[in-house]
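Q:
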Amino acid sequence: MPRRNLAPLPASPEHAHGHGRKQGLAALSLPAHQRWRRSLNSGQGYHACGWIFDAETVFDTVALLEWARLAPVGRVKGVMRIAEGVVRINRQQRDLHIETQNVPPPDSRIELIADTETDWNALQASLLRIRLS
1 MPRRNLAPLP ASPEHAHGHG RKQGLAALSL PAHQRWRRSL NSGQGYHACG
51 WIFDAETVFD TVALLEWARL APVGRVKGVM RIAEGVVRIN RQQRDLHIET
101 QNVPPPDSRI ELIADTETDW NALQASLLRI RLS
């Protein structure tokens, strides 16, 4: 009869992280009656800024896509409510991917990541101007 080793294997150092614990923008939530919120983060040579918007906030589609395309950062990722529904945005450098989504998320979230200091206030001001509601 073959021997069975049922002892659990130890986790490798490469797998030393927690599961289920959200960090950064994913961990952000909105207090009641707050329409939007910003989160800043930096580490390992990168700077990130993300925003979360309530379910009632809708963005102008063309203006939002232009904002994401022209933002002076290396990475943009988000799921945003637009007049036509929902759009997923994923940009790395000049490579921009967008797709629509049928099921609306509970809120809109977008995050920008740069390897240099960035004027987050200017980007925020232009993002807030393209809200439809």
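Numbered by full-length UniProt numbering, the letters in the sequence shown go through residues 1 to 133 in order.
Backbone N, C-alpha and C define an ideal beta-carbon position, used for all residues, glycine too.
Among K77, R129 and A71, which one has its Cα closest to the Cα of L119?
A: Start at 1 with the first residue of the sequence shown, and residue 119 comes out as number 119. Residue identity differs from the one stated: residue 119 is Asp in this sequence, not Leu. Residue A71 is the option with its Cα nearest to D119.
Q: Can you tell me whether S29 is buried or exposed, with buried defined as 16 or more other CB within 10 angstroms of its CB?
A: As a first step, residue 29 must be located in the sequence shown, where it is residue number 29. S29 comes out exposed.
Q: Please list the segments of the beta strand (DSSP E) lying wholly inside the segment 96 to 133, counting only runs of 3 or more residues, in order along the chain.
A: Within the segment 96 to 133, the complete beta strand (DSSP E) runs of at least 3 residues are 108 to 114.
Q: If contacts are defined as beta-carbon pairs under 8 Å, then V87 and I98 qualify, I think. What distance do you get, rounded to the angstrom?
A: Taking the sequence shown and counting its residues from 1, the one referred to as residue 87 is at position 87. Taking the sequence shown and counting its residues from 1, the one referred to as residue 98 is at position 98. Indeed, because the Cβ distance is near 6 Å, the residues count as touching under 8 Å.
Q: Give the range of the alpha helix (DSSP H) segment to which L64 is assigned.
A: For the purposes of this step, residue 64 is taken as the residue at position 64 of the sequence shown. Counting along the chain, the alpha helix (DSSP H) containing L64 begins and ends at T61 to L70.
Q: Give the secondary structure of S39 by DSSP, where H, G and I count as helix, E and B as strand, and everything else as coil.
A: What you label residue 39 is simply residue 39 of the sequence shown in a count that begins at 1. If DSSP states are grouped into helix, strand and coil, S39 belongs with the strands.
Q: For A114, does the count of other Cβ atoms within 10 angstroms reach 16, so buried, or fall short, so exposed?
A: Within the sequence shown, numbered from 1, the residue matching residue 114 stands at position 114. A114 comes out buried.
Q: Quick one: what does DSSP say H17 is sitting in, helix, strand or coil?
A: Translated into the one-based positions of the sequence shown, residue 17 becomes position 17. Note that H17 scores a pLDDT of 45, beneath 50, so its modelled location is shaky and nothing firm can be said.
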